[in-house]
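Position one of the sequence shown corresponds to residue 230 (our numbering), numbered consecutively onward.
Don't be surprised by glycine CBs; every beta carbon is placed ideally from N, CA and C.
Have a look at the structure below, then the notes.
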Amino acid sequence: MRLIKVSKKSDLYKKAIDIFKETTYGKDVVNIAFSGGRTPKEFFTKLSKEDIDWEKINIFLVDERFVPLDSNNSNYNLLKKNLLDKIDIPEKNIHKIEILKTPLDSKIDYEKRLLKYFKGDIKFDAVYLGIGEDGHTGSIFTMDDIEVLEPTLITESSNHPHKRITLSMETINKAEKKIVIATKEKAEVLENLPKFKCPAFFIDNPIVLMEYEK
Ligand SMILES: O=C(O)[C@H](O)[C@@H](O)[C@H](O)[C@H](O)COP(=O)(O)O
Numbered sequence: 230m231r232l233i234k235v236s237k238k239s240d241l242y243k244k245a246i247d248i249f250k251e252t253t254y255g256k257d258v259v260n261i262a263f264s265g266g267r268t269p270k271e272f273f274t275k276l277s278k279e280d281i282d283w284e285k286i287n288i289f290l291v292d293e294r295f296v297p298l299d300s301n302n303s304n305y306n307l308l309k310k311n312l313l314d315k316i317d318i319p320e321k322n323i324h325k326i327e328i329l330k331t332p333l334d335s336k337i338d339y340e341k342r343l344l345k346y347f348k349g350d351i352k353f354d355a356v357y358l359g360i361g362e363d364g365h366t367g368s369i370f371t372m373d374d375i376e377v378l379e380p381t382l383i384t385e386s387s388n389h390p391h392k393r394i395t396l397s398m399e400t401i402n403k404a405e406k407k408i409v410i411a412t413k414e415k416a417e418v419l420e421n422l423p424k425f426k427c428p429a430f431f432i433d434n435p436i437v438l439m440e441y442e443k
């Protein structure tokens with residue numbers, strides 16, 4: 230694990246942007262997956278103001294709640310409002326998790342498109358992750374969820390609303406970079422990860438951007 234500690238929230242997002250830019254250098258096509266939740270909102274807003282060649286960036290979702298895409302609870306909607314609507318990116322570069330008739334339909338559809346796009350081997354250049362107070366990441370909530378070897382899975386948790394479609398830990402871990410953005414409220418969870426071995430503990434070699442309380 231690479232731990233980068235910063236004392237200000239704004240530096241947390243600055244580091245996340247630096248890594249984003251580093252990831253794009255020298256590449257003709259870049260494939261990045263973003264998570265939802267509250268943490269990335271400001272990161273998306275700041276990222277939208279950067280000088281980035283969006284033509285070469287393909288944006289995917291790490292996870293999605295099974296709610297209409299224009300709902301305030303949709304991860305795609307968060308990404309759209311705070312980043313996609315503010316940048317010049319071709320529609321074909323945006324790979325959302327479509328909300329179809331059932332979560333299974335959505336999972337199958339996303340997985341099919343991922344496999345087609347990555348020609349069978351789903352490897353992102355970077356995956357941006359958050360961490361829940363219970364140690365979940367993406368929408369991977371339980372130890373059983375971690376074991377799934379398929380590229381995506383459907384999950385649910387009594388502590389979190391909505392069924393979810395999420396990349397599996399297997400897929401997340403194949404990414405070249407796994408970046409975890411942790412605001413200071415998450416310091417305690419991060420500290421306890423080795424003890425409780427919750428899903429976020431199983432991210433392989435992450436870059437953890439952590440805001441610490443001064
Ligand atoms: O859809 C989601 O909720 C997420 O992708 C989830 O994994 C999130 O990253 C963490 O729960 C942290 O959420 P907060 O940033 O809201 O604390």
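Check                                                                                                                                                                              : Outcome
Please report the Cβ distance between residue 441 and residue 236, rounded to the nearest whole angstrom; I am assuming they are in contact, meaning their Cβ atoms lie under 8 Å. : 6 Å
Name the one or two DSSP bridge partners that residue 411 has.                                                                                                                     : 439
Using only the alpha-carbon positions, how far apart do residue 354 and residue 252 sit?                                                                                           : 7 Å
For a quick check, are the C-beta atoms of residue 408 and residue 438 less than 8 Å apart?                                                                                        : yes
Anyone know if the C-beta pair for residue 368 and residue 412 falls short of 8 Å?                                                                                                 : no
Between residue 425 and residue 375, which are expected to be in contact by the criterion C-beta below 8 Å, what is the C-beta distance as a whole number of angstroms?            : Contact doesn't hold; Cβ gap of about 13 Å is too wide.
Is it true that the CB of residue 298 sits closer than 8 Å to the CB of residue 325?                                                                                               : yes
Using 7 Å as the cut-off, classify the Cβ of residue 301 as near or not near the heavy atoms of ligand 1, replying yes or no.                                                      : no
Suppose you measure from the CA of residue 435 to the CA of residue 230; what does that come to, to the nearest Å?                                                                 : 5 Å
So, is residue 291 buried or exposed, given that buried needs 16 or more other C-beta atoms within 10 angstroms?                                                                   : buried
Alpha carbon to alpha carbon, how far is residue 419 from residue 184? Give it in angstroms, no decimals.                                                                          : In the structure as shown, the chain begins at 230 and stops at 443. Residue 184 is therefore absent and cannot be evaluated.
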